[in-house]
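>
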Amino acid sequence: MESRSTAGERIRHRVGYAGGAFDMFHVGHLNILRHAKSQCDYLIAGVVSDEVLLHTRGSAAVVPLAERLEIVRHISFVDEAVAETALDKLETWQRVGFDIYFKGDDWKGTERGHALEFTFADIGVEVVYFPYTITTASSALRRALDAVEIGCAHPQRAAESRPPNWGIGLDRARRRLGNDKS
1 MESRSTAGER IRHRVGYAGG AFDMFHVGHL NILRHAKSQC DYLIAGVVSD
51 EVLLHTRGSA AVVPLAERLE IVRHISFVDE AVAETALDKL ETWQRVGFDI
101 YFKGDDWKGT ERGHALEFTF ADIGVEVVYF PYTITTASSA LRRALDAVEI
151 GCAHPQRAAE SRPPNWGIGL DRARRRLGND KS
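According to the working numbering, the sequence shown holds residues 1 to 182 in order.
In structure tokens form, the structure reads like this:
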């Protein structure tokens, strides 16, 4: 992406791309997008399509693609949100165009990460890894939802599958609303 300064010379803007499911949007997603924007001039967020999620993870998103796109589009540091419909990141680059590719550090040092870095090095795209937010992850939210669903039919199994701090947020909300019966 280029623009002209008042003197007429071309100025090169660094375009960043952060792809993700952004399902059940949480602070970890927000942190990745915030950090990505701090390292580029223009940030494109790629919201992974339901079809790609089914192929790569074997499960669909909880929140439909159109709604996930709408949420991400309205994050102040996202300049553009697009549906990520290709499995091949090079194909995404050809369609969208970017200089920096942001990815969670779970790919760093892996075969997938090395392949991504190698592919993008050939075309001059930098790969930047960000740490995940430990306290909140979509996988933990999905497990909590599964526990609630299991709990409808099997309350004991649901209770056993909950993480140790599962009810803390609920207790805090009850106290704030003055509905704490304890």
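Think of the CB as a built atom: it goes at the ideal place given N, C-alpha and C, for glycine as much as any other residue.
All values derive from a computational prediction rather than experimental measurement.
Does the stretch 61-68 touch the stretch 86-93, meaning 3 or more C-beta pairs lie closer than 8 Å?
Too few Cβ pairs lie closer than 8 Å, so no.
> Please determine if the stretch 41-57 and the stretch 18-28 are in contact, where contact requires at least 3 C-beta pairs separated by less than 8 Å.
Output reads yes: the stretch 18-28 touches the stretch 41-57.
> Using only alpha-carbon positions, find the residue among 87, 119 and 129 that is nearest to residue 106.
The shortest C-alpha separation from residue 106 is found at 129.
> With respect to the alpha helix (DSSP H) encompassing residue 83, which residues constitute its N-terminal and C-terminal limits?
Residue 83 -> not in any alpha helix (DSSP H); beta strand (DSSP E) instead, spanning 80-84.
> So, at 6 Å on beta carbons, what are the nonlocal neighbours of residue 108 in its own chain, with the 5 sequence-adjacent residues on each side left out?
Closer than 6 Å at Cβ, skipping near neighbours: 129.
> Look up residue 57 in the DSSP assignment and say whether it is helix, strand or coil.
Residue 57 falls in the helix class under three-state DSSP.
> If you draw a straight line from the alpha carbon of residue 22 to that of residue 72, how long is it in whole angstroms?
In a straight line, the C-alpha of residue 22 is about 8 Å away from that of residue 72.
> Below 8 Å between beta carbons: does that hold for residue 127 and residue 117?
Their beta carbons are under 8 Å apart, which means residue 127 touches residue 117 by this criterion.
> Helix, strand or coil: which one does DSSP assign to residue 109?
Correct three-state label for residue 109: coil.
> Between residue 62 and the rest of its own chain, which residues show a CB-CB distance below 6 Å, the 5 nearest in sequence each way excluded?
Excluding positions up to five away in sequence, the list reads 23 and 24.
> Give me the Cα-Cα distance between residue 132 and residue 33, rounded to the nearest whole angstrom.
Looking at the two C-alpha atoms, the distance is approximately 11 Å.
> Please confirm whether residue 101 and residue 125 have their CB atoms less than 8 Å apart.
Yes, these two residues count as a Cβ contact at 8 Å.
> Exposed or buried, what is residue 27 when buried is set at 16 or more other beta-carbons lying within 10 Å of its beta-carbon?
Classification of residue 27: exposed, given that the 10 Å Cβ count is below 16.
> Is residue 41 near residue 14, with beta carbons less than 8 Å apart?
Yes, the Cβ-Cβ distance between residue 41 and residue 14 is below 8 Å.
> Counting only the same chain and skipping the five closest in sequence on each side, list residues whose C-beta sits under 7 Å from that of residue 54.
Answer for residue 54: 60, listed in chain order.
> Mark residue 12 as exposed unless 16 or more other C-beta atoms lie within 10 angstroms of its C-beta, in which case mark it buried.
Under this definition residue 12 is an exposed residue.
> Taking DSSP as the reference, what is the three-state secondary structure of residue 21?
It is coil, neither helix nor strand.
> Going by C-alpha distance, which of 97, 52 and 104 is nearest residue 123?
It is 97.
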